[in-house]
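Asker: Before we start, here is the structure in question, set down as structure tokens.
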Amino acid sequence: MIKPLYRSVLLMALICLASPSLHAKTLKVAVGLSIPPYFIKEENRGIEYDILKEALASQGYKMEPRYVPLGRTLHLMKYGQVDGIMSTGRRDLPGCYTQPHITYWNFAISLKKRALNIKSIEDLNDKRVLSFQNAKHYLGPAFKKMALNNPNYDEIANQSVQNKLLFNGRVDVVVADRFIFEWFRQDPDVKKVANTEQEVVHHNLFEPSEFGAVFKDDEICKAFNIGLQELHDSGRYFEIIASYNVAKPNLVN
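Right, dumping it as structure tokens:
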């Protein structure tokens, strides 16, 4: 008969062997500054943050975030100060690239009651347009041309302002990622000054952009890809998105 003390020791040993989190290898991952709801520095969470964290955790890795400006993330990776970058559109970094784990999708968004006819980027030429910061450098040559020639075009870093101005009729169109717009639409500070229950139209002028992570070696990338596929297969991937209450049925791909 196994004595109680030995039984307890044996049980603890079995638990340790069965629990990957107790043996998890810590990975330092460079994360950009807060872009809610994708990553929220103050709370160590976000759609993209959670997806990366859970995909790695299922394969025995613990993610340790390093929040730094975008330009700094590339520096840290190049000089081996982190094990990976959460997401990047660059293809010239050292290491390996994972399968895409997140999709950013920008839309031109207007109030439905305005009934604006917007079928192309050129239709923005005579509109009051407010975009996210540096949008003219990311959204292609046609958009850049419009931005440079439209005297009523502007960009802003604080995207909550986009919602405030749109819902108060101060601009005709905002250009924003689908989930970022919905996140700030629910922001209490925005709701204090604007009626965000007004219906909007998402004018589909831009292609969605997929992003993957970068890690220092193939073993991590392979493990992450397995974990990511498991999130998709189990339905957990879309559960994470749904938990942030930003996913409209017609805007989820």
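In the working numbering, the protein residues as written are 116 to 368.
Yeah, the Cβ is synthetic: ideal placement off N, Cα and C, and Gly gets one too.
Looking at the strands, I want to know which residues DSSP matches up with H318.
Answerer: A223
Asker: Quick check for students: name the residue ranges of the alpha helix (DSSP H) that lie wholly in the region 228-304, counting only runs of 4 or more.
Answerer: 256-264, 275-282 and 293-300
Asker: Return the first residue and the last residue of the beta strand (DSSP E) that R181 is part of.
Answerer: Y176 to Y182
Asker: May I ask you to report which of helix, strand or coil DSSP gives S358?
Answerer: coil
Asker: Give me, in chain order, the residues of the same chain whose beta-carbon lies closer than 8 Å to that of G342; leave out the 5 immediate sequence neighbours on both sides.
Answerer: E169, A170, L171, A172, S173 and Q174
Asker: Report the three-state DSSP secondary structure of S136 (helix, strand or coil).
Answerer: Interpretation of S136 is limited by its pLDDT of 48, a score under 50 that renders its predicted location unreliable; the figure taken from the coordinates is listed afterwards. Reduced to three states, the DSSP call for S136 is helix.
Asker: Can you give the beta carbon distance from T213 to G327, rounded, assuming they're within the 8 Å contact cut?
Answerer: 4 Å
Asker: Verify whether the separation of the beta carbon atoms of T311 and R293 is less than 8 Å.
Answerer: Pairing T311 with R293 gives a Cβ-Cβ distance that is not under 8 Å.
Asker: At which residue ranges does the region 306-352 contain complete beta strand (DSSP E) runs of 3 or more residues, listed in the order of the chain?
Answerer: 315-318 and 324-330
Asker: With S225 and V288 assumed to form a contact (beta carbons below 8 Å), what rounded beta-carbon distance in angstroms separates them?
Answerer: 5 Å
Asker: Looking only at its own chain, which residues have a Cβ that is under 6 Å from the Cβ of Y359, when we skip the five neighbours before and after it?
Answerer: Excluding residues within five positions, the ones whose Cβ falls inside 6 Å are P152 and I162.
Asker: Under three-state DSSP, which class holds G186?
Answerer: helix
Asker: Please list, in chain order, all residues of the same chain as R229 whose beta carbon is under 8 Å from its beta carbon, the five residues on each side excluded.
Answerer: D287
Asker: Whose C-alpha, out of N267, D304, V308 and A250, is nearest the C-alpha of V290?
Answerer: V290 has its Cα closest to that of A250, out of N267, D304, V308 and A250.
Asker: To which residues of the same chain is V308 closer than 6 Å at the C-beta, ignoring the five residues directly before and after it?
Answerer: Here V308 has K279 as same chain residues with Cβ atoms under 6 Å from its own Cβ, once five neighbours each way along the sequence are excluded.
Asker: Considering Cα atoms alone, identify which of R243, Q248, F330 and E270 is closest to S202.
Answerer: F330
Asker: Taking W298 as the reference, give the member of K363, C211, Y268 and H190 with the closest Cα.
Answerer: K363
Asker: How would you label S349, buried or exposed, when you count the other beta carbons within 10 angstroms and need 16 or more for buried?
Answerer: exposed
Asker: What is the DSSP secondary structure of Y212, reduced to helix, strand or coil?
Answerer: strand
Asker: Nearest CA to the CA of I335: which residue from L148, K177 and F247?
Answerer: K177
Asker: Following the continuous alpha helix (DSSP H) through I200, name the residue where it begins and the one where it ends.
Answerer: Note, I200: premise wrong, no alpha helix (DSSP H); beta strand (DSSP E) at G199 to T203.
Asker: Put K143 into one of helix, strand or coil per three-state DSSP.
Answerer: strand
Asker: When burial is assigned at 16 or more other CB atoms within 10 Å of the CB, is D304 buried or exposed?
Answerer: Burial state of D304 is exposed, judged by a 10 Å Cβ sphere holding fewer than 16 other Cβ atoms.
Asker: Excluding sequence positions up to five away, which residues of its chain have a Cβ less than 6 Å from the Cβ of V146?
Answerer: F154, P180, Y182 and M201
Asker: Among the candidates E314, I150, T188 and G199, whose CA atom is the shortest distance from the CA of T141?
Answerer: G199
Asker: Per DSSP, which one or two residues make a beta bridge with I150?
Answerer: F154
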